[in-house]
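Below is one structure, written out as structure tokens; the observations come after it.
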Amino acid sequence: AVFGDGIYTANNPNSFRNYGSVGLLVARLQGNTVKVPRSLGGKTIQTNTHTVIGDKMLNGVGNVGGWPRTDQYHEIVLLSSSQCFPMAKYDGLMIGQAQGQQCIDVFEFSLQAIIEELFNGQDQLGNAASTRNNRHVQNVIIPNFSSTNPNSSTLAVTQTHLGSLASSSPPITARTRGAVHLPQRNTNSVMNIRNQCLKYQAPNSISASIPSNALMMPQPYKGDDDCVICQDSFLSRPCAMLTVCSHLFHYDCIVNALRIAGQQCPICRKAVGNPQGKSPSGTMSVSLSTSIRCASLEGSSTINIQYNIPQSIQKTYHDNPGQNQSGKIATAYLPNNTDGQNLLKRLKYAFLHGLTFTVGTSMTTGIANQCTWSSIHHKTSPTGGISLHGYPDPNYFINCNEELDNADVPQAHSLRADGTVI
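Spelled out as structure tokens, the structure:
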């Protein structure tokens with residue numbers, strides 16, 4: 015059977031990776047689709063069909079009508095080559111290598127976020143403009159699409175290995191991250207998540223200088239209290255007040271304290287300036303999964319957080335400057351409910367300020383020069399309970415928010431969805 019140009023794509027880039035050495039990230043417009051389990055079996059495809067979706071790996075496990083629960087083995091055949099837009103090229107050898115695949119995934123997340131905003135009807139916060147119950151966005155109007163002019167399309171970023179486009183060539187295969195959306199439910203407690211990738215660039219050094227706006231001169235002091243640092247009377251020498259909390263000290267005492275003991279108030283521990291951690295450079299990718307659930311917690315889907323910290327040379331503020339640190343790839347999970355959304359904003363802020371990881375000796379292996387978690391705990395499994403760093407854990411949100419408080423991370427209500435301060 016022949017279906018137009020017969021542009022084969024798939025959701026698993028490993029299926030036909032040996033057919034081509036060049037990989038592409040492409041945007042795919044599906045238009046009107048027809049699902050075909052295993053094969054057509056002599057059936058005729060309607061003339062207004064733009065995409066045929068097949069699956070030869072059903073294995074007897076499926077949803078209503080025998081269709082599989084996941085799209086891992088889908089083959090998506092496009093009628094016209096104009097439905098497939100190349101966006102980025104990469105070496106096919108990167109597939110199958112952990113860091114190579116992670117690099118491609120991160121770039122794919124970023125492109126998908128742009129597609130979501132520009133084509134798939136989401137606002138700046140990632141909220142869908144209309145009700146959508148499927149993983150892929152439907153009813154996107156693309157004017158002057160092509161001579162076939164589909165009037166209902168899905169635009170999603172895919173990973174593709176390309177061979178020749180000749181009619182005798184092997185199939186073009188692709189992996190589709192797709193436009194991930196929540197099933198509609200109580201929008202007061204559950205929000206939509208857009209794919210997002212945050213990048214943190216570690217500074218070469220961490221300055222101990224005091225921010226210029228950290229101190230202010232108080233009115234002449236007339237009381238008889240003492241400075242909590244030196245225990246001498248405030249009347250004995252000039253004083254200064256911290257802008258962040260209005261606590262009063264001798265000027266020389268607070269300057270020395272901030273330089274030696276760290277940039278926080280000696281009384282209330284509020285941060286003076288923005289907190290700065292010792293994490294190496296890396297990325298934090300956020301996506302949504304409707305097939306994973308955090309055990310015992312409310313939420314129709316799960317927020318996936320993928321951290322990727324490449325190997326690098328330790329900075330001057332690490333334990334062994336000039337030596338390699340191991341790097342780290344880790345996945346964490348949050349329920350997509352109000353608590354999870356609020357915690358996500360604070361975790362983004364923490365990552366952007368180098369507070370999530372540090373470099374030191376692994377508590378698990380005892381090996382030095384490792385990239386390790388700092389003092390902010392994450393759930394690295396959606397199930398298994400506390401002993402396996404998973405859910406259920408009734409105290410996790412309380413404990414993690416306290417850890418973020420101790421790291422001087424602002425409260426969720428003062429942060430934007432991307433983790434920046436309002």
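Under the numbering used here, read the sequence shown as residues 15 to 436, first letter to last. Quick reminder that beta carbons are idealized off the backbone N, C-alpha and C, glycines included. In this text, all values refer to a predicted model and were calculated from it rather than measured experimentally.
Check	Outcome
Count Cβ pairs between the stretch 353–371 and the stretch 285–301 that sit closer than 8 angstroms; are there 3 or more?	yes
Identify every run of the alpha helix (DSSP H) within the stretch 336–397, keeping only runs that are complete inside it and at least 4 residues long; order them along the chain.	352–366
Does the structure place the stretch 266–277 close enough to the stretch 346–364 that three or more beta carbon pairs sit under 8 angstroms?	no
Just list the alpha helix (DSSP H) runs in the stretch 288–313, keeping only unbroken ones of 4 residues or longer that don't cross its boundaries, in chain order.	none
Using alpha carbons as the reference points, say which of ALA309, ASN356, LYS362 lies closest to ILE400.	ALA309
Quick one: using the 10 Å Cβ neighbour count with 16 as the cut-off for buried, is THR145 buried or exposed?	In this prediction, THR145 has a pLDDT of 34, which is less than 50 and means its spatial position is unreliable; what the coordinates show is noted afterwards. Its Cβ having fewer than 16 others within 10 Å, THR145 is exposed.
Please classify CYS282: is it buried, with 16 or more other beta-carbons within 10 angstroms of its beta-carbon, or exposed?	exposed
Please classify TYR9: does DSSP put it in a helix, a strand, or coil?	With the chain covering only 15 through 436, there is no way to say anything about residue 9.
Please classify SER3 as buried or exposed, where buried requires at least 16 neighbouring CB atoms within 10 angstroms.	Nothing about residue 3 can be read from this structure; the chain reaches only from 15 to 436.
By Cβ distance below 6 angstroms, which residues in the same chain neighbour TYR331 in space, the five residues on each side in sequence not counted?	ILE220, LYS292
Let me confirm a value: ASN62 is counted as buried when at least 16 other C-beta atoms fall within 10 Å, else exposed. Which label applies?	exposed
Measuring only from the beta carbon, is THR257 closer than 7 angstroms to any heavy atom that is part of the ligand GTP?	As presented, the structure is devoid of all ligands, the ligand GTP included, so that no description of it is given.
According to DSSP, TYR321 sits in a beta bridge with which residue or residues?	MET298, ALA344
Under 8 angstroms by Cβ, that's how I've got ILE381 and THR372 pegged, so tell me the actual separation to the nearest angstrom.	In fact, because the Cβ distance is near 14 angstroms, the residues do not count as touching under 8 angstroms.
Can you tell me where the alpha helix (DSSP H) with CYS414 in it begins and where it stops?	410–420
Please report the Cβ distance between TYR405 and LEU311, rounded to the nearest whole angstrom; I am assuming they are in contact, meaning their Cβ atoms lie under 8 angstroms.	6 angstroms
Are the beta-carbon atoms of ILE67 and LYS49 separated by less than 8 angstroms?	yes
Could you say which of GLY296, VAL258, ARG307 lies nearest to GLY398 if we only look at CA atoms?	ARG307
Does the beta-carbon distance from VAL120 to SER301 come in below 8 angstroms?	no
Using 8 angstroms as the limit for Cβ to Cβ distance, is GLU416 near chain B?	No chain B appears in this structure, which consists of one protein chain only.
Check the DSSP bridge columns for SER91 and list the partner residues they point to.	Note on identity: in this sequence residue 91 is Val, with Ser being the wrong assignment. Partner(s): TYR22, VAL66.
Please state whether the Cβ-Cβ distance between PRO408 and THR316 is less than 8 angstroms.	no
Is the beta carbon of THR297 sitting closer than 8 angstroms to the one on LEU212?	yes
Could you give the residue range of the beta strand (DSSP E) that holds CYS253?	253–256
Alpha carbon to alpha carbon, how far is GLN126 from LEU132? Give it in angstroms, no decimals.	10 angstroms
Considering only DSSP beta bridges, list what ASP432 is partnered with.	Looking at the DSSP assignment, ASP432 forms no beta bridge with any residue, so it has no partner.
What separation, rounded to the nearest whole angstrom, lies between the Cα atoms of LYS329 and GLY336?	7 angstroms
ALA254 and PHE248: beta carbons closer than 8 angstroms?	no
Buried or exposed, going by whether 16 or more other CB atoms sit within 10 Å of the CB of LYS284?	exposed
Does GLN277 come out as helix, strand or coil in the three-state DSSP assignment?	coil
Just the C-alpha distance for SER95 and LEU358, rounded to the nearest angstrom, thanks.	39 angstroms
Please classify VAL91 as buried or exposed, where buried requires at least 16 other C-beta atoms within 10 Å of its C-beta.	buried
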